[in-house]
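Asker: Residue numbers (the UniProt record's numbering): 1 to 394. Dumping the structure here so I can ask a few things about it.
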Amino acid sequence: MEGAPQPVRDSAWRSGGEGARDPGAVFVSLPLIRAKAEALKARFAASGAAPVDCAVLQPAEILLDLYGEDVRTRAFVTTDPVRGEVVLRPDFTVPVVQMHMAEGAEPARYTYAGEVFRRQEAHPERASEYFQVGYEVFDRNGAAADAEVFALFAEVLEPYGLRPVTGDIGILTAAVQGLDTSAARRAALMRHIWRPRRFRALLDRYSGRAPMPASRAALLAASDPMAGAGPMIGLRSEAEIRQRVELLRLDAEEPTLSAEQVTLIDALMRVSEACPYALERMRDIAVDMPAIAPAVEAYDARCEALAARGVDVARLAFDAGYGRSSMEYYDGFVFGFICPQRPDWPPVATGGRYDALTRQLGQGREIPAVGAVIRPGLLVELDARDGRGPEVGA
């Protein structure tokens, strides 16, 4: 690929190449996007981050397991004759964490800029190749690091009139881990926290709100579930299928989740208001669900750290459901900056905490970490529409 001629789109991208198509499309220059990306990267470097880069081709086997279902299904995967299965990088965070956990000291801050690649079957109007600029912080003072990243992005994006929203995956995971049910059911709910519809279906099933499907009831009632099954043509062996059926039978014998527990989970997932009121509401819920109390107090510490950074916490939105359909490696604080005038766009910037990812990649080591990314192409489109110069936000 080195030395290959650049495609025509290097001269201009239509409005919507980064966001979505629209009848009043404007053209944005790819060199402008690159310049914006480099300016943002320089801004983050001036804030103390070390510039880093990573290869466009990444090993697929390890990375795709870490990204979660959404990115796995949208990744561009190919085969290298020497390296085996590889993927066009879907983001920078996982490779940066790999690098840091292998050789980095702490605390540390990194910044990067470059293209990422994701299929867009669900949104064909969106670009499958676009620029990201990121800022990642590895620091054991969690609340202060969360506030640092959010406040820096809020400052950079202030000229654009974007709407910030925050959430906290850690509060919901604490609630699930504290449920009075079997370890298997808690594990199933934890796996599907990032799939809200599947999570809801499991919660309804475990609580008895939804009846067992008739086909499953018939399967579990059969003395020999393999009788009349026909020839084995799938990937699973008969022993594996019988083991799975036995697990389903054990699950069916579990007592249902109490109505009180489900009501509390529902109340928690409905919290959506300004941060101080969200804190008050979650403290009320924690009285009856003490498992979330430490996570709620950590949220309070983060709010104080944000206020110390000059963030108007009284007006900052908190939504308990925010971030549940994005990167599965986020496990705590999450946030985004949304363009109110462009509901068809993805968030202009997103970020969050990913402590568990450092545990997975650290080979026995771990360090709290938080980071965020901006899509500079969307900022260039906003600059063009509003008549701003390219230096704005950088």
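Here a beta-carbon is modelled for each residue, glycine too, at the ideal position from N, C-alpha and C.
Which runs of the alpha helix (DSSP H), 4 residues or longer, sit entirely within the segment 339–372?
Answerer: 355–361, all fully within the segment 339–372.
Asker: Buried or exposed for Glu148, please, with buried defined as at least 16 other CB atoms from any protein chain shown within 10 angstroms of its CB.
Answerer: That one is buried.
Asker: Tell me which residue opens and which closes the beta strand (DSSP E) that Tyr277 is part of.
Answerer: No beta strand (DSSP E) contains Tyr277, which is instead part of the alpha helix (DSSP H) from 275–288.
Asker: Work out the CA separation of Ser272 and Val56 for me, nearest whole Å.
Answerer: Roughly 38 angstroms between the two C-alpha positions.
Asker: What are the uninterrupted segments assigned as alpha helix (DSSP H) that are 4 or more residues long and contained completely in the segment 114–165, given in chain order?
Answerer: Correct list: 142–157.
Asker: Are the segment 156–171 and the segment 323–337 touching, with three or more C-beta to C-beta distances below 8 angstroms?
Answerer: Touching, per the Cβ criterion.
Asker: In the DSSP assignment, find the unbroken alpha helix (DSSP H) run with Phe44 in it and report its ends.
Answerer: Run containing Phe44: 30–46, per the alpha helix (DSSP H) assignment.
Asker: Which of helix, strand or coil does DSSP assign to Arg385?
Answerer: Reduced to three states, the DSSP call for Arg385 is helix.
Asker: Would Asp300 and Leu279 be called neighbours here (beta carbons separated by less than 8 angstroms)?
Answerer: Contact flag set, yes.
Asker: Run the CB neighbour count on Pro255, radius 10 Å, all protein chains shown included, and call it buried at 16 or more, exposed below.
Answerer: Classification of Pro255: exposed, given that the 10 Å Cβ count is below 16.
Asker: Could you tell me whether the Cβ atoms of residue 398 and Leu382 are closer together than 8 angstroms?
Answerer: This structure cannot settle anything about residue 398, because the visible part of the chain is limited to 1 through 394.
Asker: Between which two residues does the beta strand (DSSP E) harbouring Phe318 extend?
Answerer: Taken as a continuous stretch (DSSP letters only), the beta strand (DSSP E) holding Phe318 covers 317–319.
Asker: For Arg21, does the three-state DSSP call read helix, strand or coil?
Answerer: In this prediction, Arg21 has a pLDDT of 40, which is less than 50 and means its spatial position is unreliable; what the coordinates show is noted afterwards. Coil, per DSSP.
Asker: Just reading off the alpha helix (DSSP H) that Pro95 is part of, what are its end residues?
Answerer: Run containing Pro95: 93–103, per the alpha helix (DSSP H) assignment.
Asker: Quick check: the segment 197–204 against the segment 351–365, are there 3 or more CB pairs under 8 angstroms?
Answerer: The segment 197–204 is not in contact with the segment 351–365.
Asker: Apart from the five residues just before and just after Ala188, which ones in its own chain have a Cβ nearer than 7 angstroms to its Cβ?
Answerer: For Ala188, where only same-chain residues beyond five positions count, the Cβ hits under 7 angstroms are Leu202.
Asker: With respect to the alpha helix (DSSP H) encompassing Thr173, which residues constitute its N-terminal and C-terminal limits?
Answerer: Per DSSP, Thr173 belongs to the alpha helix (DSSP H) from 169–177.
Asker: With H, G and I counted as helix, E and B as strand and the rest as coil, what does DSSP make of Gly310?
Answerer: Correct three-state label for Gly310: coil.
Asker: Can you look up Ile374 in the DSSP assignment and give me helix, strand or coil?
Answerer: Ile374: strand per DSSP, three-state reduction.
Asker: Quick one: Cα of Phe138 to Cα of Val82, how far?
Answerer: In a straight line, the C-alpha of Phe138 is about 33 angstroms away from that of Val82.
Asker: Can residue 420 and Tyr322 be called in contact, C-beta distance under 8 angstroms?
Answerer: Outside the modelled stretch of the chain, which goes from 1 to 394, sits residue 420, for which no answer is possible.
Asker: Can you tell me the Cα-Cα spacing of Tyr110 and Ala314, whole angstroms?
Answerer: Going by the C-alpha atoms only, they are around 30 angstroms apart.
Asker: Using only the alpha-carbon positions, how far apart do Ala298 and Asp319 sit?
Answerer: Distance between the alpha carbons of Ala298 and Asp319 is about 16 angstroms.
Asker: Can you tell which of Pro294, Glu136, Arg163, Leu162 has the C-alpha that lies nearest to the C-alpha of Phe92?
Answerer: Measuring from the Cα of Phe92, the nearest candidate turns out to be Glu136.
Asker: Keeping to the same chain, check which residues put their C-beta closer than 7 angstroms to that of Val77; ignore five residues upstream and five downstream.
Answerer: Here the set comprises Ala60, Glu85, Val87.
Asker: Helix, strand or coil for Arg89? Go by DSSP, reduced to three states.
Answerer: Reduced to three states, the DSSP call for Arg89 is coil.
Asker: Using only the alpha-carbon positions, how far apart do Cys339 and Leu379 sit?
Answerer: Answer to the nearest angstrom: the Cα atoms are 10 angstroms apart.
Asker: Label Arg375 either buried or exposed according to how many other C-beta atoms from any shown protein chain fall within 10 Å of its C-beta, with 16 as the threshold for buried.
Answerer: When all chains shown are included, Arg375 counts as buried.
Asker: Which two residues bound the contiguous alpha helix (DSSP H) that contains Asp266?
Answerer: From DSSP, the alpha helix (DSSP H) with Asp266 extends over 259–269.
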